[in-house]
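S.K.:
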Amino acid sequence: MYDFTDTIVLVTGAGSGIGRATAHRFAADGATVVVADIDTESGHETAGEIEDRGGDATFVEVDVSRPASIAALVNTTLNEHGRLDVAVNNAATGNRPAPITDIDEEEWHRVLDVNQTGVWAGMKHELPALFESGGGAIVNVASKAGIRGSPGRTPYGASKHGVVGLTRSAALEVADEAVRINAVCPTIVDTPALQSMTEREREQVVGNVPMGRPADPEEVANAIAWLSSDEASFVTGHALPVDGGETQQ
Ligand code: NAD
22 MYDFTDTIVL
32 VTGAGSGIGR
42 ATAHRFAADG
52 ATVVVADIDT
62 ESGHETAGEI
72 EDRGGDATFV
82 EVDVSRPASI
92 AALVNTTLNE
102 HGRLDVAVNN
112 AATGNRPAPI
122 TDIDEEEWHR
132 VLDVNQTGVW
142 AGMKHELPAL
152 FESGGGAIVN
162 VASKAGIRGS
172 PGRTPYGASK
182 HGVVGLTRSA
192 ALEVADEAVR
202 INAVCPTIVD
212 TPALQSMTER
222 EREQVVGNVP
232 MGRPADPEEV
242 ANAIAWLSSD
252 EASFVTGHAL
262 PVDGGETQQ
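Just so you know, we're using my numbering here: the sequence shown kicks off at 22 and counts up by one.
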């Protein structure tokens, strides 16, 4: 457990999966969490769960593919809570599995707009608020697909390599301003997407993981919490695999 008391934490895509687990983790460690998602029902649900457990959370609707929507999210956070200390840019989407020759422009832009522009615009609007708070941390959720190739998922793979590149470049820009920026690169995580796979598909993806199992969303949330905490005070620009050893083979 880390001490995030009096800390305002913004998590995008917090209505589900890793984002929801991350919101719960920060709330359990004392933070006030801004739960942001395009899906109002699941976003309200996450905030409600946190409140039910005695934590502090508010829901704000956002579409991270629209920079103006992220600017509004940061403004709402500042109006409601007065400051921002930690931002987790987690919201993302996948692409329909297909060879690159069958990916059309619309699909390419749809994925890049959410996964890459969303993270760029997130940092663009979060950073001034973090400077104003005197420092803080950003964690961007990339993927194993940001380190390794992803056949059949070129838009997703390109977007996640982009997230790693954005993380490294932005971290260097602000390294002397008390803001650390890192990324996590999970392999397959035990979320509804994995649960909806056939047994054979599941065995195939999990079979690549040396530890022989998917990550729990909480294990990714733990890495995000560590990177956001003072315990990681000299870590910036890093893309941390959370993958049971998969990318070390
Ligand atoms: P998920 O699909 O369970 O949740 C994603 C959330 O993002 C949803 O609540 C969704 O409504 C929200 N969202 C989607 N588009 C949005 C938009 N335009 N604006 C705001 N919110 C939006 O996803 P997950 O599996 O928990 O993945 C979370 C992150 O982890 C993503 O960045 C994903 O790429 C990454 N990741 C996931 C896995 C995995 O196996 N699940 C593996 C590696 C990386």
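Cβ coordinates follow ideal geometry from the N, Cα and C atoms, glycine included.
All figures in this text were calculated on a predicted structure; none of them were measured in a lab.
For Ser254, count neighbouring C-beta atoms within 10 Å of its own C-beta (all shown protein chains included) and say buried if the count is 16 or more, exposed if not.
M.R.: Residue numbering aside, residue 254 sits at position 233 when the sequence shown is read from its first letter. That one is exposed.
S.K.: So is the beta-carbon of Asn161 under 6 Å away from any non-hydrogen atom of the ligand NAD?
M.R.: Locating residue 161 in the sequence shown gives position 140, where the first residue counts as 1. Checking the Cβ of Asn161 against the ligand NAD gives no.
S.K.: With a threshold of 6 Å (Cβ to nearest heavy atom), would Asn116 be considered close to the ligand NAD?
M.R.: Counting from 1 along the sequence shown, the entry for residue 116 is found at position 95. With a cut-off of 6 Å, the C-beta of Asn116 is classified as distant from the ligand NAD, since no heavy atom of the ligand falls inside that distance.
S.K.: Would Ser154 and Asp106 qualify as a contact pair, given that the criterion is a beta-carbon distance under 7 Å?
M.R.: Position 133 of the sequence shown, counted from the start, is the residue given in the question as residue 154. Position 85 of the sequence shown, counted from the start, is the residue given in the question as residue 106. Yes; because the gap between Cβ atoms is below 7 Å, this pair is in contact.
S.K.: Indicate whether the contact test is met: 3 or more Cβ pairs, each with one atom in the region 199 to 209 and one in the region 224 to 240, closer than 8 Å.
M.R.: yes
S.K.: Taking the C-alpha atoms as reference points, what is the distance between Gly173 and Gly34?
M.R.: As a position in the sequence shown, residue 173 is number 152, starting the count at 1. As a position in the sequence shown, residue 34 is number 13, starting the count at 1. So the two alpha carbons sit approximately 24 Å from each other.
S.K.: Taking 6 Å as the cut-off, is the beta-carbon of Asp84 closer than that to any non-hydrogen atom of the ligand COA?
M.R.: Here the bound small molecules are the ligand NAD; the ligand COA is not part of this structure.
S.K.: So for Ala166, helix, strand or coil by DSSP?
M.R.: The residue given as residue 166 occupies position 145 in the sequence shown. Residue state, collapsed to three classes: helix.
S.K.: Taking Asn161 as the reference, which of Ala49, Phe80, Val85 and Asp73 has the closest Cα?
M.R.: Here residue 161 refers to the residue found at position 140 when the sequence shown is read from its first residue. For the residues Ala49, Phe80, Val85 and Asp73, the minimum Cα distance to Asn161 belongs to Val85.
S.K.: Give me the Cα-Cα distance between Val54 and Val32, rounded to the nearest whole angstrom.
M.R.: Translated into the one-based positions of the sequence shown, residue 54 becomes position 33. Translated into the one-based positions of the sequence shown, residue 32 becomes position 11. Taking the straight line from one Cα to the other gives about 7 Å.
S.K.: Consider the Cβ of Ala42: report whether some Cβ of chain B lies at a distance smaller than 7 Å.
M.R.: Among the chains in the structure shown there is no chain B, since it carries only a single protein chain.
S.K.: Going by DSSP in three states, Asn229 sits in which element: helix, strand or coil?
M.R.: Here residue 229 corresponds to residue number 208 of the sequence shown, with the count starting at 1. Reduced to three states, the DSSP call for Asn229 is coil.
S.K.: What does Leu261 pair with, by DSSP beta-bridge criteria?
M.R.: For the purposes of this step, residue 261 is taken as residue 240 along the sequence shown, with counting starting at 1. Leu261 pairs with Val205.
S.K.: Hey, would you say Ala204 sits closer than 7 Å to Thr188, going by beta carbons?
M.R.: For this step, residue 204 is matched to residue 183 along the sequence shown. For this step, residue 188 is matched to residue 167 along the sequence shown. Yes; because the gap between Cβ atoms is below 7 Å, this pair is in contact.
S.K.: Do Val200 and Gly156 have their C-beta atoms closer together than 7 Å?
M.R.: Translated into the one-based positions of the sequence shown, residue 200 becomes position 179. Translated into the one-based positions of the sequence shown, residue 156 becomes position 135. For Val200 and Gly156, yes; Cβs fall inside 7 Å.
S.K.: For a test of the three-state rule: what should DSSP assign to Leu133, helix, strand or coil?
M.R.: On the sequence shown, position 112 is the one that residue 133 refers to. Note: Leu133 maps to helix in three-state DSSP.
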